[in-house]
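Residue numbers (this note's numbering): -10 to 141. No residue lacks a Cβ here, since even glycine has one placed at the ideal position from N, Cα and C.
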């Protein structure tokens, strides 16, 4: 009869090492998933903020929640991308980032928005360019030909 305790144990040292390794692997996977979930939750919160009451459901189709409460002034403010397009349209000529931002900062609602989310202006500008609402002319931005046509 062997005296070795490993022969009589229900678990061997290699079993314990395998369980520890699996535990580390699963914790790592959990951390990665937690980070992805936080990222998605942040993106959804931003989307909800900019879309108002519209939210994307799990089916991917937009649904609008209907509230009986009146909207606050914040909910009724002009979306920043629309304000950017309006500013360039009203100027009648291409403007630099700084000119657009300074013009918008004169409006209290946008000044408050820039204070609470200073980088959103540049995000909105990039999105407008990526979606072909704006074109770059040197160091200035102008409405795309399609957007000028839509304004007419």
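- Collapsing the DSSP output to three states places residue -1 in coil.
- Straight through space, the alpha carbons of residue 127 and residue 19 are spaced by roughly 47 Å.
- Under DSSP, the beta-bridge partners assigned to residue 129 are 126.
- Annotation note: the stretch 58 to 100 contains no uninterrupted beta strand (DSSP E) run of length 3 or greater.
- Residue range 109 to 119 is occupied by the alpha helix (DSSP H) that includes residue 119.
- Counting the other CB atoms within 10 Å of its CB gives residue 102 a total of 16 or more, which places it among the buried residues.
- In the structure shown, residue 106 adopts coil according to DSSP, grouped into three states.
- Taking a contact as a CB-CB distance under 8 Å, the pair residue 85 and residue 129 counts as one, their CB atoms being some 5 Å apart.
- Looking from the CA of residue 67, the closest CA among 100, 132, 33 belongs to 100.
- Residue 122 sits close to residue 70, with the two beta carbons spaced by under 9 Å.
- The Cβ atoms of residue 110 and residue 73 sit closer than 9 Å to each other.
- The beta carbon of residue 114 sits closer than 8 Å to the beta carbons of 73, 86, 89, 123, 130 from its chain, once the five residues preceding and following it are set aside; these are given in chain order.
- The alpha-carbon separation between residue 125 and residue 118 amounts to approximately 8 Å.
- Beyond the five residues adjoining it in sequence on each side, residue 133 comes within less than 8 Å, by CB distance, of 121, 122, 123, 124 in the same chain, given in chain order.
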